[in-house]
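In what follows, a single structure is set out as structure tokens and then discussed.
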Amino acid sequence: MQDLKSFIYENKIPKEGSCSQRKASRPFSLFELTVNFRSHYGIVRYAASLVELIYTLFPNSIDVMEPEFANTPGPPPLLFVGPEEDFDQAEFMRCLLGQIPIEHVPAFSAQQVIIVRSESTARLLTQRLQKRCTVITLLETKGLEFDDVLLYNFFAESEAPTTSWKNILLLSAHNKDGRVQFQYKPSEAHATILPVLCYELKQLYVAITRARHRCWLWDSGRTIDAMKVFWEGLKLIKISDSLNPLCKFAASSQDLWQWDQRGKEFFSTGLYPLAQLCFERAGKGKEAAIADAYNIMTKAKAIQGADAEDALIHAAEEMETCAKSETSSNTASTLWYHAATCWHGAQDVCYASEAYCNGGFYDQAAVILFEAQEMDECLKILVLYSGRIDPVLVQRIEEVAAAHPLRERIYDNLKKLFNGNLDQCIALAHLLRLPRQIKELLQRKHSDSLAAETIEDEVLQDRLTPDDAAYCIQVAWRRAAERQAHRRRLDEFSSEGQLYEENRCSFPKVGDCVTNREVWASRLIRGPYLSIALGLQMLVAEMENYLEHIDYNLMREDLSPKRIAEIQKSNKRDKGFIMDCIAKAHECLPRSKPAKLIKSNNIGAVRIQAKNAWNILMKVKDSKTVSPRDDFKMIETLIRRGRDLVLKGYDIFKRSRHK
């Protein structure tokens with residue numbers, strides 16, 4: 001839409017002449033926030049010089065803006081340089097702790113941090129310091145700030161070679177209004193500079209600007225030896241005369257509130273081990289346990305292979321332990337959610353669903369059970385929490401999940417799922433074509449009224465009622481109409497029960513019957529009437545559809561003239577056969593008046609029409625012309641069921657006549 005507006009504005013509205021049609025551009029102002037309120041002048045000035053280096057060496061890498069400055073005075077970063085290429089960590093520890101045994105050194109302040117380049121270095125220093133001081137990688141510091149920062153071995157572990165850093169020495173520098181600016185010397189204007197240096201300068205800028213008050217650097221090697229003279233000459237850094245002052249960096253603090261705030265800050269950025277340490281120092285045992293649980297979960301979800309399941313189970317158990325002891329409902333809900341994701345990752349959907357429910361995430365609880373085909377548990381969730389689950393989701397799951405208790409004949413659970421509505425249960429049973437369940441549900445609904453009208457069929461050793469048979473056909477017809485609404489004649493019988501209601505007065509009369517069995521036999525075949533009529537109507541529709549597409553087999557491009565002639569001959573023969581079958585079906589189902597099957601005024605005539613309908617179906621089936629799809633199978637089921645019941649009803653009627 002925006003592209004269309006731009007096209008109309010630029011191309012359809014003339015730029016000359018009718019200027020009033022063009023919108024005047026709205027003036028705007030650009031404000032640059034150049035005052036740094038976090039750090040003091042000494043730190044900000046050094047950081048600004050790093051940005052100037054990027055402008056000069058890599059002019060297209062960042063936007064050019066006015067340099068930052070700070071109103072608060074302060075010293076420049078302090079550099080400690082060792083005499084050897086491989087500056088031993090033991091020497092660093094000795095200088096940092098002032099030769100005091102680590103066991104006697106109190107914890108550093110919550111506002112102090114040692115920044116390192118790699119996770120391996122962070123682990124080694126943390127282990128040597130026994131967690132006395134926060135050690136964090138450069139990547140993890142983004143967005144954080146501290147009073148005191150000690151940058152450890154940044155240049156010694158730099159990815160840029162020393163030759164790249166020395167390119168900076170080829171620049172000339174000058175101060176202008178307190179701003180350090182650089183430019184190439186005429187003889188070095190075409191020096192080649194590796195792009196990795198741009199990345200290193202940005203990383204150095206991030207590390208330096210984490211500090212509010214004190215910024216110290218500890219380094220060694222040829223790179224820092226080359227750069228220290230350059231920066232010291234510009235008074236951007238200060239080089240310590242000895243290593244001993246490093247012990248002044250440590251500043252112990254017992255401010256529990258600061259440790260708590262620092263823990264929350266680390267936790268919000270995903271630094272869970274550091275958050276746990278801060279919470280422990282703040283005396284927040286519960287928060288420390290939560291941070292530990294999050295750390296375990298993060299590691300577990302990163303594991304691949306056979307060990308992943310055990311790790312996820314352990315993480316889920318830790319999360320649940322924290323959730324059970326949590327008093328805040330929001331926090332507990334979040335913990336239960338993460339416990340559920342761990343259980344789910346460990347392929348234990350039942351525990352996952354339970355955890356989701358404990359956290360109030362009922363939609364997810366139902367979905368994972370549904371997807372895992374745990375229908376019993378899924379239905380329990382729907383029954384217990386249906387009012388708290390998305391109605392659309394409930395309906396979608398009910399349509400599938402309800403089939404399980406229905407097939408297993410667990411009617412109490414099914415009634416709970418449909419809030420006691422047996423009509424919905426019966427409709428589902430009809431939809432799934434489960435006659436036994438249909439009868440049992442109907443008996444539950446009409447146990448008193450149906451008991452008097454139940455027929456003891458000696459052959460089937462089963463029970464069938466007129467209402468049962470009629471209802472079955474009504475539902476079957478409605479379902480067929482919904483699927484095949486484009487077919488002819490379906491609009492006539494689209495409403496449930498319309499077929500039954502329109503023709504019920506045309507059923508064989510029972511006034512001349514002399515015994516109750518004759519009455520039951522006559523009533524018994526009401527449903528089968530409709531079953532056969534419906535089956536024939538659907539069969540005619542299938543045959544007419546076949547005729548519409550009968551010549552589709554001639555559209556293949558690889559057919560030879562001989563093969564085309566053979567197919568045309570076969571199609572002509574099949575077409576004549578199907579048209580003959582349609583004509584015979586129309587004898588039973590004339591288009592302009594009720595079906596003969598229904599208009600027959602005695603059971604004997606119904607018996608003949610039922611046999612005729614079955615013979616038509618068998619001729620079509622044996623010819624293998626109409627494709628045996630699901631609809632065709634339903635047609636056969638309808639006509640067979642109707643024919644069998646009509647014949648049995650006729651036998652009952654006949655036996656009653658001979659008594």
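Going by the UniProt record's numbering, the sequence shown opens with residue 1, and the numbers climb by one from there.
C-beta atoms are modelled at their ideal positions from N, C-alpha and C, and glycine is treated no differently.
What you are looking at is a predicted structure, and each value in this text was computed from that prediction instead of being measured.
- By the CB criterion at 8 Å, Val-646 and Val-620 fall outside the cutoff.
- Trp-257 sits exposed, since fewer than 16 C-beta atoms from the chains shown fall within 10 Å of its C-beta.
- Apart from sequence neighbours up to five positions away, the residues of its chain that approach Leu-393 with a beta-carbon distance below 8 Å are Asp-363, Ala-366 and Val-367, ordered along the chain.
- The beta carbon of Trp-231 sits closer than 6 Å to the beta carbons of Ile-237 from its chain, once the five residues preceding and following it are set aside; these are given in chain order.
- In the DSSP annotation of this structure, Ser-118 is not part of any alpha helix (DSSP H), being labelled neither H nor E.
- The beta carbons of Val-113 and Ala-122 sit no closer together than 8 Å.
- Distance between Tyr-199 and Cys-278, taken at the CA atoms: about 31 Å.
- The DSSP assignment places complete alpha helix (DSSP H) segments of no fewer than 4 residues inside the region 536 to 621 at 561 to 588 and 596 to 599, in order along the chain.
- Scanning the region 168 to 240 for uninterrupted beta strand (DSSP E) segments of 3 residues or longer gives 171 to 176, 179 to 184 and 211 to 219, listed from N- to C-terminal end.
- The shortest CA-to-CA distance from Arg-444 to any of Cys-425, Leu-431, Arg-433 and His-430 is the one to Cys-425.
- In the three-state scheme derived from DSSP, where H, G and I count as helix and E and B as strand, Val-135 is classed as strand.
- The DSSP-derived three-state label of Asp-148 is strand.
- The bridge partners DSSP lists for Leu-78 are Trp-216 and Lys-238.
- Under the DSSP assignment, Phe-92 falls in the alpha helix (DSSP H) whose first and last residues are 89 to 97.
- With a cutoff of 8 Å on beta-carbon distance, Ala-352 and Cys-322 are scored as not near each other.
- At the C-beta level, Ile-550 and Asp-580 stay beyond 8 Å of one another.
- Taking C-beta atoms as the reference points, Gln-347 and Glu-309 count as a pair closer than 8 Å.
- The beta carbon of Glu-287 is closer than 6 Å to those of Phe-279 in its chain, skipping five residues each way along the sequence.
- Apart from sequence neighbours up to five positions away, the residues of its chain that approach Arg-643 with a beta-carbon distance below 8 Å are Pro-528, Ile-532, Ala-610, Lys-611, Ala-613 and Trp-614, ordered along the chain.
- The DSSP-derived three-state label of Val-64 is coil.
- Going by C-alpha positions, Met-618 is about 13 Å away from Phe-577.
- Nearest Cα to Lys-185 within the set Ile-168, Leu-201 and Leu-197: Ile-168.
- In this structure, the beta-carbon distance from Ser-252 to Phe-108 falls below 8 Å.
- Distance check between Glu-52 and each of Gly-42, Ile-389, Gln-181 and Ile-381 places Gln-181 closest, using alpha-carbon atoms only.
- Annotation for Asn-358: the continuous alpha helix (DSSP H) segment containing it runs 349 to 358.
- Ala-302 has its alpha-carbon roughly 32 Å from the corresponding atom of Ile-208.
- Counting along the chain, the unbroken alpha helix (DSSP H) around Gln-364 starts and ends at 362 to 371.
- The residue among Glu-636, Leu-638 and Leu-547 with its C-alpha nearest the C-alpha of Thr-625 is Leu-547.
- In the structure shown, Val-51 adopts helical secondary structure according to DSSP, grouped into three states.
- In chain order, Leu-554 place their CB closer than 8 Å to the CB of Ile-564, counting only its own chain and leaving out the 5 sequence neighbours on each side.
- Between the beta-carbon of Ala-315 and that of Cys-342 there is about 5 Å, and that keeps the pair under the 8 Å contact cut.
- In the structure shown, the three-state DSSP call for Phe-108 is strand.
- Taking every protein chain shown into account, the CB of Glu-377 has 16 or more other CB atoms within 10 angstroms, so this residue is buried.
- Between the C-alpha atoms of Arg-640 and Ala-300 there is a straight-line separation of about 60 Å.
- No Cβ-Cβ contact shorter than 8 Å links Ala-160 with Ser-220.
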